[in-house]
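Visitor:
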Amino acid sequence: MADIRPFKSVRPAARYVSRVAALPYDVYSRKEAYAEAAKDRLSFLNIDRPETQFPEETDMYAPEVYQKARELLTERIQGGIFLQDEQPAYYLYELTRNGHTQTGIVACASIDDYLNHTIKKHENTRADKEQDRICHVDACSAQTGPILMAYRKDERISRIVEREKRKTPVFAFASPDGVMHRGWRVSDGESICGIRTSFAEINQIYIADGHHRAASAVKVGLKRRSRHPEYDGSEEFNYFLSILFPDDELTILDYNRVVKDLNGLSKEEFLSKVSEKFEMEQCPSAVKPEQKGTMTMYLEQEWFRLTVRDEHRSTDPVKGLDVSILQRELLGPVLGIEDPKMDERIGFIGGIRGLGELERRVDTDCAVAFALFPTSIEELFRVADAGLLMPPKSTWFEPKLRSGLFIHCFER
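Heads up: the sequence shown is residues 1242 to 1653, going by the working numbering.
(1) Report yes or no: do the segment 1518 to 1532 and the segment 1611 to 1627 share at least 3 C-beta pairs separated by less than 8 Å?
(2) Scan the segment 1433 to 1470 and note each continuous beta strand (DSSP E) run of 3 residues or more that stays entirely inside, going in chain order.
(3) V1575 lies in the beta strand (DSSP E); which residues open and close that run?
(4) Tell me, to the nearest whole angstrom, how far the beta carbon of R1586 is from that of V1500; I am working on the premise that it is less than 8 Å.
(5) Just how far apart, CA to CA, sit F1412 and A1255?
(6) Put V1411 into one of helix, strand or coil per three-state DSSP.
(7) Suppose contacts are defined by Cβ-Cβ distances below 8 Å. Is I1661 in contact with G1435 by that definition?
(8) Kindly provide the ranges of any beta strand (DSSP E) runs that are 3 or more residues long and lie completely inside the segment 1541 to 1566, ordered along the chain.
(9) Here's the rule: buried if 16 or more other CB atoms are within 10 angstroms of the residue's CB, otherwise exposed. What is E1570?
(10) Taking just the CA atoms, how far does F1440 sit from K1394?
(11) Can you tell me which residues form a DSSP beta bridge with M1583?
(12) For the ligand MN, is there any heavy atom lying closer than 7 Å to the beta carbon of G1595?
(13) Excluding the 5 residues preceding and the 5 following Q1294 in the sequence, name in chain order all residues of the same chain whose CB lies nearer than 7 Å to its CB.
(14) What beta strand (DSSP E) runs, 3 residues minimum, are completely inside the segment 1297 to 1383?
(15) Which stretch, first to last residue, makes up the alpha helix (DSSP H) that contains F1622?
(16) What residue from I1566, E1371 and G1534 has the CA that sits closest to H1452's CA?
(17) If you measure between the beta carbons of V1261 and F1285, is that distance less than 8 Å?
(18) Just to confirm, are R1426 and L1324 a CB contact at a threshold of 8 Å?
(19) Using the rule of at least 16 other Cβ atoms within 10 Å of the residue's Cβ for burial, across every protein chain shown, is Y1302 buried or exposed?
(20) Whole angstroms is fine: what's the gap from V1624's alpha carbon to E1277's?
(21) Can you find the residues in the same chain that come closer than 8 Å, C-beta to C-beta, to T1366, ignoring five residues on each side of it along the sequence?
(22) Looking at I1346: is its Cβ nearer than 8 Å to the Cβ of L1336?
(23) Tell me the rounded alpha-carbon separation between M1421 and Y1257.
(24) Tell me R1426's beta-bridge partners as DSSP assigns them.
(25) Just list the residues that DSSP pairs V1498 with in beta bridges.
(26) From the DSSP output, in three-state form, read off L1485 for me.
(27) Quick check: I1352 and N1479, are their CB atoms within less than 8 Å of each other?
(28) How far does the alpha helix (DSSP H) with A1391 in it extend, from its first residue to its last?
(29) Using a Cβ distance threshold of 8 Å, determine whether the segment 1557 to 1572 contacts the segment 1469 to 1476, with at least three qualifying pairs required.
(30) Classify Y1266 as helix, strand or coil using the three-state DSSP reduction.
(31) Roughly how far, in whole angstroms, is the beta-carbon of E1522 from the beta-carbon of F1545, given that I think they are within contact range, below 8 Å?
(32) Is P1253 helix, strand or coil by DSSP?
(33) For I1578 versus R1437, is the C-beta spacing smaller than 8 Å?
(34) Determine the extent of the alpha helix (DSSP H) in which E1277 is found, giving its start and end residues.
(35) Please identify the residue among Y1355, F1486, A1608 and M1536 whose C-alpha is closest to the C-alpha of S1399.
(36) Go ahead and pull the three-state DSSP assignment for T1636.
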């Protein structure tokens, strides 16, 4: 059973919402973060990436950098930019992009559910990326970036969500990328009880995006438990900020690959090796893969459709993923990319950027690009249910949740 509980959110006053809302901290390079944060002092990126408040040569992991995040958050709460609700509530967060709408429940999930695998994972985390958010969460005594989680659709929850969405939203705005954002506060006692009891009957919740944020929040919670051995489990540090979506509303885009060189092979040698593992046909123009088991490749201003030969497919939840097949049959043995997490010869391009970005990269600084059919939410669930892990950069979720709209403070 999942312990998904309401909380007293810290959130921006209505007149500041659109200025505060910011894309997740990890979508920006350091240079991009400085430029974006400078556009508006109220952008939450100033808090999420506090190194932007210092000269660029400053060590972005220095203690005073994280302390700056706490100072900014405190200043903005005291200055009325952010307000804290007096009573626990759930919240709804709706995002609409290109005619597609998804609505998540903003709540706090239990670190114990993470530890006992009621909350399931499908990615490994890196210690250095974890440590950055551990320091940030610990310094702020708050989780500022929500974890995107998924659950199998529950009709009782859906009915409550639909009923609550008939009420007046607490915010509504369009972000510069054209995504419409709306939010509601769910304070009705019957709705709160219905949501909590419904989740208590759900045995699997899945982290879709935000594995590092989740792992960091849990480790800070455990750290606070060690400081407070008398804890009883009800304290806020035992929970972390999440937004939970039904599986049928989430959109996963392709996560594509570019490689800087052909590992010493000529074009003809490379294509010969590709044809050993894939049926290959040339395409007259850029084209996306139409189904699982196919991918497209851009090489020397030509597009090719690759279809995995039957003998290289697999029913294993991980080995059968298209990203796994590409890595196992081509990137590793042919192009020499043994560890895609560490090899600087490979780059990853989110599908939101389109095939044009793959062409641009190959025409400028890379040798070959691969466009993949998106991993499905069902595939993600199968991997997580099996207790396995996906290859890195297997899923790209759109639209991105904005940070700063809901904050979970556990010591304020």
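Quick reminder that beta carbons are idealized off the backbone N, C-alpha and C, glycines included.
Guide: Looking at the coordinates:
(1) Short answer: they touch.
(2) Within the segment 1433 to 1470, the complete beta strand (DSSP E) segments of 3 residues or longer fall at 1446 to 1450, listed in chain order.
(3) Careful: V1575 lies outside any beta strand (DSSP E) and carries neither H nor E.
(4) Here R1586 really is in contact with V1500; their C-beta atoms are around 6 Å apart, less than 8 Å.
(5) So the two alpha carbons sit approximately 6 Å from each other.
(6) V1411 falls in the coil class under three-state DSSP.
(7) Given that the chain is displayed from residue 1242 to residue 1653, the structure contains no residue 1661 and the question cannot be resolved.
(8) With a minimum length of 3 residues, the continuous beta strand (DSSP E) runs that stay inside the segment 1541 to 1566 are 1543 to 1549.
(9) That one is buried.
(10) In this structure, the alpha-carbon of K1394 lies about 11 Å from that of F1440.
(11) DSSP output for M1583 lists no bridge partner at all.
(12) In the structure on display, the ligand MN does not appear, and there are no ligands present to speak of.
(13) Once the five neighbours on either side are set aside, the close Cβ partners of Q1294 are N1287 and K1309.
(14) Segments of the beta strand (DSSP E) lying fully in the segment 1297 to 1383: 1323 to 1325, 1331 to 1338 and 1341 to 1351.
(15) Per DSSP, F1622 belongs to the alpha helix (DSSP H) from I1618 to D1626.
(16) The shortest CA-to-CA distance from H1452 to any of I1566, E1371 and G1534 is the one to E1371.
(17) Yes, the pair counts as a contact, with Cβ atoms nearer than the cut-off.
(18) No. Outside cutoff.
(19) By the 10 Å Cβ count, Y1302 comes out exposed.
(20) Straight-line measurement puts the Cα of E1277 at about 36 Å from the Cα of V1624.
(21) Within the same chain, T1366 has close Cβ partners H1452, H1453 and A1456.
(22) In this structure, I1346 sits away from L1336, with a CB-CB distance that is not shorter than 8 Å.
(23) Rounded to the nearest whole angstrom, the CA to CA distance from M1421 to Y1257 is 16 Å.
(24) Partner(s): Y1332.
(25) First, the residue type needs correcting, since residue 1498 is Arg and not Val in the sequence shown. According to DSSP, which records beta bridges pairwise, R1498 is partnered with F1589 and F1611.
(26) The answer is strand: DSSP assigns L1485 an E or B state.
(27) It is a contact, given that the beta carbons lie within the stated cut-off.
(28) Segment I1388 to Y1392 is the beta strand (DSSP E) holding A1391; no alpha helix (DSSP H) there.
(29) No: the two stretches stay apart, fewer than three of their Cβ pairs being nearer than 8 Å.
(30) Three-state result, Y1266: helix.
(31) The beta-carbon distance between E1522 and F1545, rounded to whole angstroms, is 7 Å. This is short enough to meet the 8 Å contact definition.
(32) In this structure, P1253 counts as strand in the three-state DSSP scheme.
(33) The criterion of a C-beta distance shorter than 8 Å is not satisfied by I1578 and R1437.
(34) Unbroken alpha helix (DSSP H) run through E1277: R1271 to A1278.
(35) Out of Y1355, F1486, A1608 and M1536, the CA that lies nearest to the CA of S1399 is found in F1486.
(36) Reduced to three states, the DSSP call for T1636 is coil.
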